[in-house]
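Colleague: Can you keep this structure in mind? I'll have questions shortly.
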Amino acid sequence: MSDYTFAIEGGIGTLTLARPEVLNALTLEMYADLRDLLHDLQRDESLKALIITGQGRAFCSGGDVHKIIGQLLDADMRAHLEFTRMTGALVRNMRLLDKPILAAVNGMAAGAGAVIALAADLRVVAESAKFAFLFTRVGLAGSDMGAAYLLPRVVGAGRAAELLMLGEEIDAPAAERIGLANWVVPDEQLLPTARSLAGRLAEGPGFALAMTKRMIENEWNMDLNAALEAEAQAQALMMMGDDHRRFYEAFLGKGRPEFKGR
Numbered sequence: 017m018s019d020y021t022f023a024i025e026g027g028i029g030t031l032t033l034a035r036p037e038v039l040n041a042l043t044l045e046m047y048a049d050l051r052d053l054l055h056d057l058q059r060d061e062s063l064k065a066l067i068i069t070g071q072g073r074a075f076c077s078g079g080d081v082h083k084i085i086g087q088l089l090d091a092d093m094r095a096h097l098e099f100t101r102m103t104g105a106l107v108r109n110m111r112l113l114d115k116p117i118l119a120a121v122n123g124m125a126a127g128a129g130a131v132i133a134l135a136a137d138l139r140v141v142a143e144s145a146k147f148a149f150l151f152t153r154v155g156l157a158g159s160d161m162g163a164a165y166l167l168p169r170v171v172g173a174g175r176a177a178e179l180l181m182l183g184e185e186i187d188a189p190a191a192e193r194i195g196l197a198n199w200v201v202p203d204e205q206l207l208p209t210a211r212s213l214a215g216r217l218a219e220g221p222g223f224a225l226a227m228t229k230r231m232i233e234n235e236w237n238m239d240l241n242a243a244l245e246a247e248a249q250a251q252a253l254m255m256m257g258d259d260h261r262r263f264y265e266a267f268l269g270k271g272r273p274e275f276k277g278r
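In the numbering used here, the protein residues as written are 17 to 278.
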């Protein structure tokens, strides 16, 4: 069996981590494959929205202790840096993908699994799920795979410091309270809810959604004046797009626009 499965149906891609016997722990090969897949999906026009989830009773328990830590413990600095840059490239490719990403978090999302969920645009979380940014608990910095960059922007600096420094588990209701979870749903409704949301996004104006994601990403490091000018230019471009015209024509005809992502 492959370590993950991926399929696209109706514009919705579903990426399922598939090592349930070890709570979908990641291997060196999985990191590389996922990094490359997320890069290649940028050019896949059949993909409109992506769901990432885990098989079995966990989303992802992080890096495999035996297949990563055990292999790297006595490696030199270059090998360690190659590994950490590769894991960061996975997150980079998620953030650069011009398609919305939903994490459907079932069960534990720990370590790298928590960061992968964090790097998604939206998080649908099962009631039984938990998060743990446990890097400091294994003697590593909490700043891993972009966690110290992304988490403060989602939950605030104070909460991020708490989660990254203490490494304690938080349950789904707590994740929702601090903004880490967008929706908390009964376990059996996790994938149906994620697919429903992904379907709404897949039917939406793809270029507009891509621009929205890119602007959220770009504006983090801008001052207000720069952000206002960037948004003015982006919106002027979008106002000349086919999808905006389709909205107007549908409005005149009292119908529903059929967006084409242009």
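All residues carry an ideal CB built from backbone N, CA and C; glycine is no exception.
Taking the Cβ atom as the reference point for each residue, do A91 and G123 lie within a distance shorter than 8 Å?
Modeller: Cβ atoms of A91 and G123: not closer than 8 Å.
Colleague: Reducing DSSP to helix, strand and coil, say where F149 ends up.
Modeller: The answer is coil: DSSP assigns F149 none of H, G, I, E or B.
Colleague: Are there 16 or more other CB atoms within 10 angstroms of the CB of M255, so buried, or fewer, so exposed?
Modeller: Per the 10 Å Cβ criterion, exposed.
Colleague: Using three-state DSSP, classify A119 as helix, strand or coil.
Modeller: The answer is strand: DSSP assigns A119 an E or B state.
Colleague: Just the C-alpha distance for N241 and R169, rounded to the nearest angstrom, thanks.
Modeller: Cα to Cα, N241 sits roughly 20 Å from R169.
Colleague: Please state whether DSSP places A27 in a helix, a strand or coil.
Modeller: Note that residue 27 corresponds to Gly in the displayed sequence, not to Ala. Note: G27 maps to coil in three-state DSSP.
Colleague: My parser needs the alpha helix (DSSP H) runs of 4 or more residues fully inside the stretch 130-216; what are they?
Modeller: Listed in chain order, the complete alpha helix (DSSP H) runs (minimum 4 residues) inside the stretch 130-216 are 163-171, 173-182, 188-194.
Colleague: Beta-carbon within less than 6 Å of M17's beta-carbon, same chain only, minus the 5 sequence neighbours each way: which residues are those?
Modeller: Reliability fails at M17, whose pLDDT of 47 lies under 50, so the model's placement of it is uncertain and the value that follows must be treated cautiously. Taken in chain order, the list of residues that qualify is empty.
Colleague: With distances taken between CB atoms, is the gap from L118 to A214 smaller than 8 Å?
Modeller: Closer than 8 Å, so yes.
Colleague: If the criterion is Cβ atoms closer than 8 Å, does the pair R139 and A197 meet it?
Modeller: Yes, these two residues count as a Cβ contact at 8 Å.
Colleague: Would the stretch 92-107 and the stretch 158-167 be scored as touching if the rule is three or more Cβ pairs under 8 Å?
Modeller: The stretch 92-107 is in contact with the stretch 158-167.
Colleague: Is the separation between the beta-carbon of E185 and that of A133 shorter than 8 Å?
Modeller: Contact: no.
Colleague: Evaluate K211 with the Cβ neighbour count: other Cβ atoms within 10 Å of its Cβ, from every protein chain shown; 16 or more gives buried, anything less gives exposed.
Modeller: The residue you asked about is not Lys; residue 211 is Arg in the sequence shown. The residue is buried, with at least 16 neighbouring Cβ atoms inside 10 Å.
Colleague: Please classify M93: does DSSP put it in a helix, a strand, or coil?
Modeller: Reduced to three states, the DSSP call for M93 is helix.
Colleague: Which same chain residues end up closer than 6 Å to E45 when comparing Cβ atoms and leaving out the 5 residues on each side of it in sequence?
Modeller: Taken in chain order, the list of residues that qualify is empty.
Colleague: Among V201, D160, L57, which residue has its Cα nearest to the Cα of L97?
Modeller: Checking every option, the nearest Cα to that of L97 belongs to D160.
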